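Engineer: Following this message is one structure expressed as structure tokens.
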Amino acid sequence: MQKPWSLLSSPRHLVVFEAAARTGSFTKAAEELNVQQPAVSASIKQLETSLGVVLFRRSHRRITLTNAGNRLFSDVTRAFELLSHSAASIRQFASNDHVTLSASSAFNNYWLMPRIASFQQNHPDIELRLQSSDREPDLNVETISLAVRLGDGNWPDCDAHLISDEVIYPVASPRVMAAAVTLKNVPGLLNQRLIHLEEPVRERPTWEQWFRTFGITEVTPRTGLRLNDYALVLQAAMAGEGFAFGWHHVVAPLVRQGMLAARPEWAWKTGKGFYLVWSKTRPLTPKAEIVRDWILSSRQEGKQGRGGR
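Counting from 7, one number per residue, gives the positions in the sequence shown under the numbering used here.
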């Protein structure tokens, strides 16, 4: 790729151009940049010469952008805003005032939130920010301390510790489960209304795959409600909209509370797991280490009472 400065001659010219275009005046741009007005005019002229286009129409007391100037101003403004946002994020991260955890909305809502009160009581000095996202963040670039990822635990750029194995079994509201009087075996679930998870970014297991693990390959599951977020899937299941996937580490407390009923004897152990990950190249702050250790110690709670799997 051609280096931009071979076309623009100097990054300083873009700063001057942006100020002049934004203020609509070479004089005001000079005042803002603390330089003389002729220096602004010269910088704009050099930029125009480098690009081979006229960027401003000049009159006695007024300047206006040409079409080429408007295009450049739009792109420069966007680039400067991106740089400003990046700089602010880096400064915010460097301050070490908070710890950001990125996870799915379902993990944040149903795994983390029930535990958060005890953490805040024991660590009132730590500001924990939960970021719900449907994509995997780049922990080496973004200002995110910790994240939860699904996989085999091997990420070259990250350290990873297992939170929970991926174990999936059918769940539904107690009312729907009780009404399914004919649900004696796995094939019987084909006749039930199913709730499907279809995330736009991450690939998630499907009902077809779940049925295949039990040797059912010739019949397509009935159509049903399709949602793009697992937190919504669980809300729909609790509302009685049908049977949904129950990821054990998320739904086990909901089953104990009677908000969902489950068939854990039909568990599918995928061989994957949910891992807490952090960058190998960027050391965790002391506060982030405390959050990490708290999450990894809290995972033991989810392993209790798993004999019914």
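Ideal Cβ positions, reconstructed from N, Cα and C, are used throughout, including at glycine.
Quick caveat, the model's predicted, so the values are computed rather than measured.
(1) What span of residues does the alpha helix (DSSP H) with I50 cover, start to end?
(2) Taking the straight line between their C-alpha atoms, what separation do you get for I150 and L282?
(3) Exposed or buried, which one is Q310 when buried takes at least 16 other CB atoms within 10 Å?
(4) For F1, which residues of its own chain have a beta-carbon under 6 Å away from its beta-carbon, when the five flanking residues on both sides are left out?
(5) What does a CB cutoff of less than 6 Å around P143 pick up in its chain, not counting 5 residues either side in sequence?
(6) What's the call for R66, buried or exposed, on a 16-neighbour Cβ count within 10 Å?
(7) Between Q8 and H202, what straight-line distance do the alpha-carbon atoms span, to the nearest angstrom?
(8) Among residues of its own chain, excluding the 5 on either side of I69, which ones have a beta-carbon nearer than 6 Å to its beta-carbon?
(9) Between the Cα of A185 and the Cα atoms of T72, F249, R77 and D165, which residue gives the shortest distance?
(10) Can you give me the start and stop residues for the alpha helix (DSSP H) that H19 sits inside?
(11) Let's test the definition: count the other Cβ atoms within 10 Å of the Cβ of H255 and tell me whether it reaches 16, buried, or not, exposed.
(12) Pick out whichever of L195, S49, Y236 and G230 has its Cα sitting closest to the Cα of F217.
(13) What first and last residue would you give for the alpha helix (DSSP H) that runs through K34?
(14) Could you tell me if H91 is buried or exposed, where buried requires 16 or more neighbouring beta carbons within 10 angstroms of its beta carbon?
(15) With a CB to CB cut of under 7 Å and the five nearest residues on each side skipped, what residues in its chain are close to K278?
(16) Sorted by chain position, which residues of the same chain lie with C-beta nearer than 7 Å to T33's C-beta, five sequence neighbours on each side aside?
(17) DSSP three-state label for E322, please.
Structural biologist: Judging by the given coordinates:
(1) Q43 to L57
(2) 12 Å
(3) Since pLDDT at Q310 reaches only 42, below the 50 mark, its modelled position is unreliable, and the value read off the structure follows with that caveat. With fewer than 16 Cβ atoms within 10 Å of its Cβ, Q310 is classed as exposed.
(4) Residue 1 lies beyond the stretch modelled for the chain, which goes from 7 to 315, so this question has no answer here.
(5) S108, I150 and A153
(6) For clarity, residue 66 is His in the given sequence; the question names Arg instead. When all chains shown are included, H66 counts as exposed.
(7) Note on Q8: pLDDT 49, under 50, position unreliable in the model; the coordinate value appears next. Those two C-alpha atoms are separated by around 47 Å.
(8) F62
(9) F249
(10) P17 to T29
(11) buried
(12) L195
(13) F32 to L39
(14) exposed
(15) L156, G157, D158 and E172
(16) Q43
(17) The structure shown does not extend to residue 322, since the chain is modelled only from 7 through 315, so no value can be given for it.
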